[in-house]
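Okay, so the sequence shown: first residue is 89 according to our numbering, each after it adds one. Read through the structure below, which is laid out as structure tokens, and then see the notes.
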Amino acid sequence: CCLQAGLAVLLKAERLFHSSYHSQAVHIRPVCRVSAGLSSLPEHPKRKPKAALSHCKGSHWFAQLPCGGFTDASCLAVSWELRQTLTVVFDFFSSGQGKKDWSLFKMFSRTLTDTCPLASQSKVYVDISPKNKEKELLEVSPPPTSVHEAIVQGEKKTYAVYDLLSPSLFNTSRSLNVQLKWKRPQDSSEMPIPTLHAQRYVGGYGLQTGEICTLIYNTHPYRAFPVILLETVPWYLRLYVHTLTIITKGKENKPS
Numbered sequence: 089c090c091l092q093a094g095l096a097v098l099l100k101a102e103r104l105f106h107s108s109y110h111s112q113a114v115h116i117r118p119v120c121r122v123s124a125g126l127s128s129l130p131e132h133p134k135r136k137p138k139a140a141l142s143h144c145k146g147s148h149w150f151a152q153l154p155c156g157g158f159t160d161a162s163c164l165a166v167s168w169e170l171r172q173t174l175t176v177v178f179d180f181f182s183s184g185q186g187k188k189d190w191s192l193f194k195m196f197s198r199t200l201t202d203t204c205p206l207a208s209q210s211k212v213y214v215d216i217s218p219k220n221k222e223k224e225l226l227e228v229s230p231p232p233t234s235v236h237e238a239i240v241q242g243e244k245k246t247y248a249v250y251d252l253l254s255p256s257l258f259n260t261s262r263s264l265n266v267q268l269k270w271k272r273p274q275d276s277s278e279m280p281i282p283t284l285h286a287q288r289y290v291g292g293y294g295l296q297t298g299e300i301c302t303l304i305y306n307t308h309p310y311r312a313f314p315v316i317l318l319e320t321v322p323w324y325l326r327l328y329v330h331t332l333t334i335i336t337k338g339k340e341n342k343p344s
């Protein structure tokens, strides 16, 4: 589909590289396609199903992986799973003079016009979780096709879901421009702080006293969360692992 249809239409390089943050990742892992119980992964939605085989054979829509490369002894046929992710952060609150309104067109200079015919799922999720009494202040348009609720970091989250494969989504308009507006100005100009958030800054100068400080905050009253920290180091800093220092609640933790 590339830039012709689907969510890929929004991937305009000029807007992505002018965002506050962007990150691309490729995840490849082996998955079991056929186990000893003849249970298999779902077939590709655009191809006819095939009978499960009891011997090692390459997948018809994944690359082949030898049976010996998978640790599960009950697996008879193994395939590769490829997952590509793109994370982009737009800080319209700072650049928009404290306004919280946003839309797809404001972020990407484009709107969604059609679905990708090869996609089995194509959805847009908008976080409309209430914060204190802010639920009645939010207005998302057009109306979502459904609403989904989930528990994220111990908190109940509500998402407006736009299913691009739903025929009714493009019936009223030829394009989809999801917008979130506030019905009236907020009393406070500060954005709500997430339960788990982080800050980072560069201190010192030169190779001797230069340092990177990362502060991770957990504001939940009683729950702890596992954290995986990935640091992107500026090109002008040279890191020494033996200088790593971890401090939790005022006490130093020695790395294992």
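Just so it is clear, CB atoms sit at the ideal spot from N, CA and C, and this is done for glycine as well.
Spatial distance of residue i from residue j (CA atoms)
| i | j | result |
| --- | --- | --- |
| Leu-192 | Lys-339 | 45 angstroms |
| Pro-118 | Ala-238 | 28 angstroms |
| Asn-351 | Gly-294 | Since the first and last residues shown for the chain are 89 and 344, residue 351 lies out of range. |
| Pro-231 | Ala-124 | 46 angstroms |
| Ser-108 | Asp-179 | 6 angstroms |
| Leu-206 | Gly-94 | 9 angstroms |
| Gln-296 | Thr-302 | 18 angstroms |
| Tyr-310 | Lys-337 | 14 angstroms |
| Gly-292 | Val-329 | 17 angstroms |
| Leu-325 | Leu-318 | 16 angstroms |
| Asn-265 | Ala-96 | 14 angstroms |
Top-ranked residue by Cα proximity to residue i, from the options
| i | options | result |
| --- | --- | --- |
| Tyr-305 | Gln-287, Gln-296 and Leu-257 | Gln-287 |
| Ala-312 | Leu-325, Gln-241, Ser-162 and Thr-203 | Gln-241 |
| Trp-323 | Leu-317, Lys-337, Val-290 and Pro-309 | Val-290 |
| Val-214 | Val-114, Thr-297, Thr-307 and Val-249 | Val-249 |
| Leu-170 | Ser-229, Ile-116, Trp-270 and Val-212 | Ile-116 |
| Ser-217 | His-236, Ser-229, Thr-203 and Ser-210 | His-236 |
| Ser-256 | Thr-203, Lys-245 and Cys-163 | Thr-203 |
| Lys-244 | Leu-318, Pro-282 and Ser-167 | Pro-282 |
Contact check, residue i vs residue j, beta carbons under 9 angstroms
| i | j | result |
| --- | --- | --- |
| Met-195 | Leu-98 | yes |
| Leu-268 | Leu-200 | no |
| Glu-299 | Thr-331 | yes |
| Trp-270 | Lys-211 | no |
| Leu-174 | Gln-92 | no |
| Gln-345 | Val-114 | Limits of the chain in this structure are 89 at one end and 344 at the other, which puts residue 345 out of reach. |
Proximal residues to residue i (C-beta, below 7 angstroms), its chain only, five neighbours per side dropped
| i | result |
| --- | --- |
| Val-315 | Ile-304 |
| Leu-104 | His-110 and Val-176 |
| His-72 | Coverage of the chain is limited to positions 89 through 344, which leaves residue 72 absent and any answer about it impossible. |
| Ser-162 | Ser-123 and Ala-124 |
Beta-carbon contacts of residue i that lie in its chain and below 8 angstroms, excluding the five residues immediately before and after
| i | result |
| --- | --- |
| Ile-335 | Asn-341 |
| Leu-327 | Ile-300 and Val-321 |
| Ser-197 | Lys-100, Glu-102 and Arg-103 |
| Ser-263 | Thr-199, Leu-200 and Thr-201 |
| Ser-254 | Thr-233 |
| Thr-333 | Glu-340 |
Own chain partners of residue i with C-beta closer than 6 angstroms, once the 5 adjacent residues on each side are dropped
| i | result |
| --- | --- |
| Trp-190 | Phe-180 and Leu-268 |
Whole-angstrom C-beta distance between residue j and residue i, which should lie under 8 angstroms
| i | j | result |
| --- | --- | --- |
| Ser-234 | Asp-251 | 7 angstroms |
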